[in-house]
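Below: the structure, in structure tokens.
There are 2 protein chains.
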Amino acid sequence: MVIEIDFNSDEAIYVQLMNQIILGIATSRLQEGDTLPSVRQMADTIGINMHTVNKAYTLLKQEGFVSIDRRRGAIVAIDVDKIKTLEEMKENLVVALAKGCCKKVSRSEVHQLIDEIFDEYDL
Amino acid sequence: MVIEIDFNSDEAIYVQLMNQIILGIATSRLQEGDTLPSVRQMADTIGINMHTVNKAYTLLKQEGFVSIDRRRGAIVAIDVDKIKTLEEMKENLVVALAKGCCKKVSRSEVHQLIDEIFDEYDL
DNA sequence: CATTGTGTTACACATATACTAGCACATCTC
DNA sequence: GAGATGTGCTAGTATATGTGTAACACAATG
Chain A
37 MVIEIDFNSD
47 EAIYVQLMNQ
57 IILGIATSRL
67 QEGDTLPSVR
77 QMADTIGINM
87 HTVNKAYTLL
97 KQEGFVSIDR
107 RRGAIVAIDV
117 DKIKTLEEMK
127 ENLVVALAKG
137 CCKKVSRSEV
147 HQLIDEIFDE
157 YDL
Chain B
37 MVIEIDFNSD
47 EAIYVQLMNQ
57 IILGIATSRL
67 QEGDTLPSVR
77 QMADTIGINM
87 HTVNKAYTLL
97 KQEGFVSIDR
107 RRGAIVAIDV
117 DKIKTLEEMK
127 ENLVVALAKG
137 CCKKVSRSEV
147 HQLIDEIFDE
157 YDL
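Just so you know, the protein sequences line up as chains A and B, in that order.
Taking the numbering used here, the leading residue of the first sequence gets 37, the next gets one more, and so forth.
Taking the numbering used here, the leading residue of the second sequence gets 37, the next gets one more, and so forth.
Okay, structure coming up:
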């Protein structure tokens with residue numbers, strides 16, 4: 037899986053890396069059981085420091101997207117905690133939707149946007 | 037309108053302040069034409085620095101939620117740019133939905149969550 | 001047993017951001 | 001004129017981010 041980092045972005049590199057891996061899983065380019073490159077390998081490929089990759093991997097582990105095995109590296113392994121996930125999603129969405137609501141975006145327009153994004157996942 | 041800041045939060049104070057004002061507008065506690073307290077007054081009330089409030093106000097102005105008049109202070113004034121708003125929302129939602137998608141949250145569960153949030157706005 | 005590759009940890013350093021603090025200025029209200 | 005306002009400036013502290021080097025413990029392989 038190809039990782040692309042925008043060094044001019046205002047988003048931290050480790051966050052970009054996390055997001056790309058999460059998107060990879062959502063779009064099935066990464067599947068449960070797949071292994072990620074080692075921290076050193078990934079760092080070399082992208083051209084960043086090992087610690088930055090390690091930070092991304094560690095956080096992905098904490099959030100339940102991968103598990104880390106000393107022998108095989110990081111393995112895609114989803115830890116489904118739906119209640120917690122829905123709570124976190126809601127916190128995120130409340131502000132995002134409030135911004136749209138202020139700008140006169142209707143409820144149906146949001147539903148349409150959701151469908152649009154989901155359709156892109158189900159490639 | 038009462039502003040509450042969590043000083044132990046990992047979110048910056050000026051971001052919390054912005055979000056609360058945006059939520060205030062979305063829930064109609066703040067309406068178009070209402071004035072916000074002056075930067076010094078708001079800073080005193082919350083117990084933070086004037087410049088932190090000024091940063092929040094300036095960003096809210098840039099994002100089109102208020103306009104600033106030297107005579108009257110910050111006034112709630114929505115600048116509706118729907119295309120831009122939808123683009124920004126999509127960028128935000130793509131990652132948020134990907135996380136849910138990984139954790140087996142279904143499309144209908146997301147739609148339900150959206151309705152839930154919108155119902156809270158229409159108080 | 002020696003080598004290699006792995007995740008992990010520790011320390012040091014540079015840079016950027018967040019927040020606070022104080023000062024000055026032009027403008028507006030009273 | 002007196003007071004309040006938004007704005008600009010400098011400066012300091014604290015934290016976050018990214019890099020660099022090194023060392024450790026473990027597993028696989030020769």
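We put the CB at the ideal spot given by N, CA and C, even for glycine.
Because the structure is a prediction, the values reported are computed rather than measured.
Within the stretch 40 to 107 of chain A, complete alpha helix (DSSP H) segments of at least 4 residues are found at 49 to 62, 75 to 82 and 86 to 98, given in chain order.
With respect to the 8 Å criterion, Met125(B) and Gly136(A) are classified as neighbours on the basis of their beta carbons. Comparing alpha-carbon positions, the option among Ile153(A), Leu129(A), Gly100(A) and Arg108(A) lying closest to Asp117(A) turns out to be Gly100(A). At a beta-carbon threshold of 8 Å, none of the residues of chain A lie near Leu95(B); the nearest stands roughly 12 Å away.
Taken through DSSP and simplified to helix, strand or coil, Val141(B) comes out as coil. Near chain A, meaning a CB-to-CB distance below 7 Å, the residues of the stretch 56 to 82 of chain B are Ile58, Leu59, Ile61 and Ala62.
Boundaries of the beta strand (DSSP E) harbouring Ile111(B): Gly109 to Val112, taken from the DSSP string. When the alpha-carbon of Arg143(A) is set against those of Leu149(B), Ser142(B), Val141(B) and Cys138(B), the nearest one is in Leu149(B).
Shown here, Asp115(A) sits in coil according to DSSP, grouped into three states, outside any helix or strand. Within chain B, Ile114, Val116 and Lys118 have C-beta atoms less than 8 Å from the C-beta of Lys140(A), given in sequence order. In this structure, Thr94(B) is the residue among Val130(B), Val51(B), Asn55(B) and Thr94(B) with its C-alpha nearest to the C-alpha of Ala110(B). Taking Lys91(B) as the centre and dropping the five residues before and after it, the same chain places the C-beta of Tyr50 closer than 8 Å to its C-beta, in chain order.
In this structure, the alpha-carbon of Gln56(B) lies about 9 Å from that of Val131(A). Relative to the Cα of Arg107(B), the nearest Cα in the group Ala62(B), Met37(B), Thr71(B) and Ile61(B) belongs to Thr71(B).
Annotation: Cβ neighbours of Asn128(A) in chain B (cutoff 7 Å, chain order): Ala132. With contacts defined as CB atoms closer than 8 Å, Leu53(B) and Ile61(B) fail to qualify as a contacting pair. If you draw a straight line from the Cα of Gln67(B) to the Cα of Leu59(A), it is about 38 Å long.
For Lys139(A), the closest alpha carbon among the candidates Ala79(B), Asn44(B) and Thr63(B) is that of Thr63(B). Burial check for Ala48(A): the Cβ neighbour count within 10 Å stays below 16, so the residue is exposed. At a beta-carbon threshold of 7 Å, the residues of chain A lying near Gly136(B) are Thr121 and Met125, ordered along the chain.
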